[in-house]
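*Asks:* Let me begin by handing over the structure; questions about it come next.
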Amino acid sequence: MSEDGVTEQFLSCWRAINRHLRKGMLTEGEERITRLQWMLLRQVNKEEANTMGNLAAKFGVRPSTISQMADRLEKSQLIRRVPDTRDARIKSITLTEKGQGFIERVESLWAIRLQEGLGRFSPDEQNALLELLERLVASLAG
Numbered sequence: 319m320s321e322d323g324v325t326e327q328f329l330s331c332w333r334a335i336n337r338h339l340r341k342g343m344l345t346e347g348e349e350r351i352t353r354l355q356w357m358l359l360r361q362v363n364k365e366e367a368n369t370m371g372n373l374a375a376k377f378g379v380r381p382s383t384i385s386q387m388a389d390r391l392e393k394s395q396l397i398r399r400v401p402d403t404r405d406a407r408i409k410s411i412t413l414t415e416k417g418q419g420f421i422e423r424v425e426s427l428w429a430i431r432l433q434e435g436l437g438r439f440s441p442d443e444q445n446a447l448l449e450l451l452e453r454l455v456a457s458l459a460g
C-alpha cells in the first residue's frame, strides 16, 4: 500500500475510533454539547487562566465564538463566568460542580468503551498496538 493510502486509512480509522467513542456521550440531561464545546470544557478543566480572550486565542477563533459557546454551557450550568478582581470587563470561565462531574462521567465512559474494544485483542496484540502508538507519538513529537 502506498504511503498516501496508509495515511488515508489511518485517518479513516482514527476518525471512526473517535466517532465510536463520542457516540451518545456528549450529553447532559436533555442538552447535547458540540465537540468544540467539549474541547472548551476540557481546556477550562486543565488550566487556571481561562479568560474569554485567552480561550479565543488558544482555539484560534473570535472572542464572540467563545462567548456564544460559553452562553450555552452556562445555560446548561456546566460553567460559570467570573469577573476578574482587577478588571470587571475581563471574564474568566470556571467549571461548576455539574461541569466537573460531566467531564468525569464522559471520560469514565470513554475509558470503559475503549477497554471493551481493546478487550477483544489478545494481550500481545494490545501491547503491540500500544508500542506502535507510542512510537507514532514520539515520531510526531520530533
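Quick note on numbering: the sequence shown equals residues 319 to 460 in the working numbering. From the three backbone atoms N, C-alpha and C, an ideal C-beta is built for every residue, glycine too. Computed from a prediction, not measured in an experiment: that's the story for all the values here.
Pair every Cβ in the segment 352-367 with every Cβ in the segment 419-428, then say whether three or more of these pairs are closer than 8 angstroms.
*Replies:* yes
*Asks:* Hey, which unbroken runs of the beta strand (DSSP E) at 3 residues or more fall wholly within the segment 372-403?
*Replies:* 397-401
*Asks:* Quick one: residues in its chain with C-beta nearer than 8 angstroms to the C-beta of residue 418, no 5 flanking neighbours on either side, listed in chain order?
*Replies:* Sequence index remark: in the sequence shown, residue 418 carries index 100 (1-based). Excluding residues within five positions, the ones whose Cβ falls inside 8 angstroms are 363.
*Asks:* Let me know the secondary structure DSSP gives residue 350 once reduced to three states.
*Replies:* Position 32 of the sequence shown, counted from the first residue, corresponds to residue 350. Strand at residue 350.
*Asks:* What's the gap between the Cα of residue 445 and the Cα of residue 400?
*Replies:* Here residue 445 refers to the residue found at position 127 when the sequence shown is read from its first residue. Here residue 400 refers to the residue found at position 82 when the sequence shown is read from its first residue. Taking the straight line joining both Cα atoms gives about 45 angstroms.
*Asks:* Between residue 397 and residue 414, what straight-line distance do the alpha-carbon atoms span, to the nearest angstrom?
*Replies:* Within the sequence shown, numbered from 1, the residue matching residue 397 stands at position 79. Within the sequence shown, numbered from 1, the residue matching residue 414 stands at position 96. Each residue's Cα considered, the two are about 5 angstroms apart.
*Asks:* Between which two residues does the alpha helix (DSSP H) harbouring residue 430 extend?
*Replies:* As a working mapping, residue 430 is identified with position 112 in the sequence shown. Residues 415-436.
*Asks:* Under a Cβ-count criterion, where at least 16 other Cβ atoms within 10 Å of its own Cβ denotes burial, should residue 384 be classed as buried or exposed?
*Replies:* Here the question's residue 384 lines up with position 66 in the sequence shown. Buried, by the Cβ-count rule.
*Asks:* If you count every other CB in all the chains shown that lies within 10 Å of the CB of residue 420, and 16 or more means buried, which is it?
*Replies:* What you label residue 420 is simply residue 102 of the sequence shown in a count that begins at 1. Taking a 10 Å sphere around the C-beta of residue 420, we find 16 or more other C-beta atoms and assign the residue as buried.
*Asks:* In the DSSP output, which residue or residues are listed as bridge partners for residue 411?
*Replies:* For the purposes of this step, residue 411 is identified with residue 93 of the sequence shown, where counting begins at 1. In the DSSP output, where bridge partners are listed per residue, residue 411 has 399.
*Asks:* The alpha helix (DSSP H) spanning residue 446 covers which residue range?
*Replies:* As a first step, residue 446 is located in the sequence shown; it is residue number 128 there, counting from the start. Boundaries of the alpha helix (DSSP H) around residue 446: 441-459.
*Asks:* By Cβ distance, which residues of its chain are closer than 6 angstroms to residue 410, with the 5 residues on each side in sequence left out?
*Replies:* Counted from its first residue, the sequence shown places residue 410 at position 92. Apart from the 5 residues on each side of it in sequence, residue 410 sits with its Cβ closer than 6 angstroms to the Cβ of 368, 369 and 400 in its chain, given in chain order.
*Asks:* Using 10 angstroms around the beta-carbon of residue 394, count the other beta-carbons present and answer buried if the total reaches 16, otherwise exposed.
*Replies:* Locating residue 394 in the sequence shown gives position 76, counting from the first residue. The residue is buried, with at least 16 neighbouring Cβ atoms inside 10 Å.
*Asks:* Between the C-alpha atoms of residue 448 and residue 459, what's the straight-line distance to the nearest angstrom?
*Replies:* Here residue 448 corresponds to residue number 130 of the sequence shown, with the count starting at 1. Here residue 459 corresponds to residue number 141 of the sequence shown, with the count starting at 1. Approximately 16 angstroms, taken between the alpha carbons.
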